[in-house]
Amino acid sequence: MFPVSRLALKRTVGMTPRISLSRAYHAKVLDHYNNPRNVGSLDKNDINVGTGLVGAPACGDVMKLQIKVDDNGVIQDVKFKTFGCGSAIASSSYVTELVRGMSLDEAGKIKNTVIAKELSLPPVKLHCSMLAEDAIKSAIKDYRAKRQTPTLGPNAVNASSTAKAAAAH
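In terms of the numbering used here, the numbers along the sequence shown are unbroken and rise by one, the last being 283.
Below you can see the structure in the form of C-alpha cells.
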C-alpha cells in the first residue's frame with residue numbers, strides 16, 4: 115500500500131471521496147476539506163457578482179471565488195470552486211464564511227494571516243491562505259470594475275477633460 119501523498123489530496127471539491135489525515139492537517143482544515151461550505155458558482159454576468167480567479171503555479175492550486183453584493187455594498191452570497199490541496203480548499207471554504215455579511219471595504223482588508231491562524235496552517239501551507247486573500251480582493255476588484263459607468267461613446271464626457279476646459283476659462 116502506498117502512503118497518502120500530497121497528490122492524493124489534490125481534488126476538485128465534490129468530486130473525490132473524503133480523506134481524513136488527522137496527523138497531517140489540523141482539525142479545522144479537515145472539517146472545511148471534508149465539509150466544504152459554499153461550493154458552487156454564481157452568474158458571472160450578473161452586475162452584482164464579482165469573480166476572482168487566482169492560482170499558484172508552484173503547486174498547481176487554482177481558486178475561483180465569487181461574491182454577490184447587495185445595494186448597500188454588503189456581501190450577501192459567496193461561492194467558490196477550488197482545485198488544490200486540503201489547505202487550499204479549507205482556506206477557500208473558510209474565507210467564504212468569513213466575508214459573508216461584510217462590506218466590500220471590510221472584506222478587502224482581510225489578510226492571509228487571519229485565515230492561516232484560524233486554520234492553524236503550517237508555514238509550508240501559507241500560500242493557500244495567500245491565494246484566498248488574493249481571490250477575495252480579485253472578486254472585489256471585478257465587482258467594482260463592472261459597476262463603473264462606461265465613458266465611451268460620442269456624448270461621453272471625460273472628467274479630466276472637463277476639469278482642463280474649466281481651468282482654461
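Positions of the beta carbon are idealized from the N, C-alpha and C atoms, including for glycine. It should be emphasised that the depicted structure is a prediction, and the values quoted were computed from it without experimental measurement.
By the DSSP assignment, the beta strand (DSSP E) with Gly169 in it spans what residues? As a working note, residue 169 is residue 55 in the sequence shown. First-last of the beta strand (DSSP E) with Gly169: Val163 to Ala170.
Whole-angstrom distance between Lys195 and Leu179, CA atom to CA atom: Here residue 179 corresponds to residue number 65 of the sequence shown, with the count starting at 1. Here residue 195 corresponds to residue number 81 of the sequence shown, with the count starting at 1. Spanning the two alpha carbons is a distance of roughly 7 Å.
Residue range of the unbroken alpha helix (DSSP H) whose run includes Lys193: The residue given as residue 193 occupies position 79 in the sequence shown. It is not in any alpha helix (DSSP H) - Lys193 instead sits in the beta strand (DSSP E) that spans Ile189 to Gly198.
Of the residues Pro237, Val192, Asp248 and Ser252, which one's Cα is nearest the Cα of Leu212? Translated into the one-based positions of the sequence shown, residue 212 becomes position 98. Selected option, being the one with the closest Cα: Val192.
Below 8 Å between beta carbons: does that hold for Ala202 and Leu245? In the sequence shown, counting from the first residue as 1, residue 202 sits at position 88. In the sequence shown, counting from the first residue as 1, residue 245 sits at position 131. Contact flag set, yes.
Between Val176, Asn159, Ala138 and Asn149, which has its C-alpha nearest Asp248's C-alpha? Locating residue 248 in the sequence shown gives position 134, counting from the first residue. The shortest Cα separation from Asp248 among Val176, Asn159, Ala138 and Asn149 belongs to Val176.
By Cβ distance, which residues of its chain are closer than 8 Å to Lys225, with the 5 residues on each side in sequence left out? Translated into the one-based positions of the sequence shown, residue 225 becomes position 111. So the qualifying residues of the chain are Glu247.
With a CB to CB cut of under 6 Å and the five nearest residues on each side skipped, what residues in its chain are close to Leu218? Taking the first residue of the sequence shown as position 1, residue 218 is located at position 104. Cβ neighbours of Leu218 beyond the five flanking positions: Gly187 and Ile254.
By the 10 Å Cβ neighbour count, where 16 or more other Cβ atoms means buried, how is Gly238 classified, buried or exposed? The residue labelled residue 238 in the question sits at position 124 within the sequence shown. First, the amino acid is wrong: residue 238 is Val here, not Gly. With fewer than 16 other Cβ atoms within 10 Å, it is exposed.
If you check the beta carbons only, do Ser252 and Leu156 fall under 8 Å apart? Numbered from its first residue, the sequence shown carries residue 252 at position 138. Numbered from its first residue, the sequence shown carries residue 156 at position 42. Taking 8 Å as the Cβ cut-off, Ser252 and Leu156 do not qualify as a contacting pair.
What's the call for Thr227, buried or exposed, on a 16-neighbour Cβ count within 10 Å? Indexing the sequence shown from 1 puts residue 227 at position 113. Classification of Thr227: exposed, given that the 10 Å Cβ count is below 16.
For the beta strand (DSSP E) that contains Met244, what are its first and last residues? The residue labelled residue 244 in the question sits at position 130 within the sequence shown. Unbroken run through Met244 is the alpha helix (DSSP H), Leu240 to Arg261; no beta strand (DSSP E).
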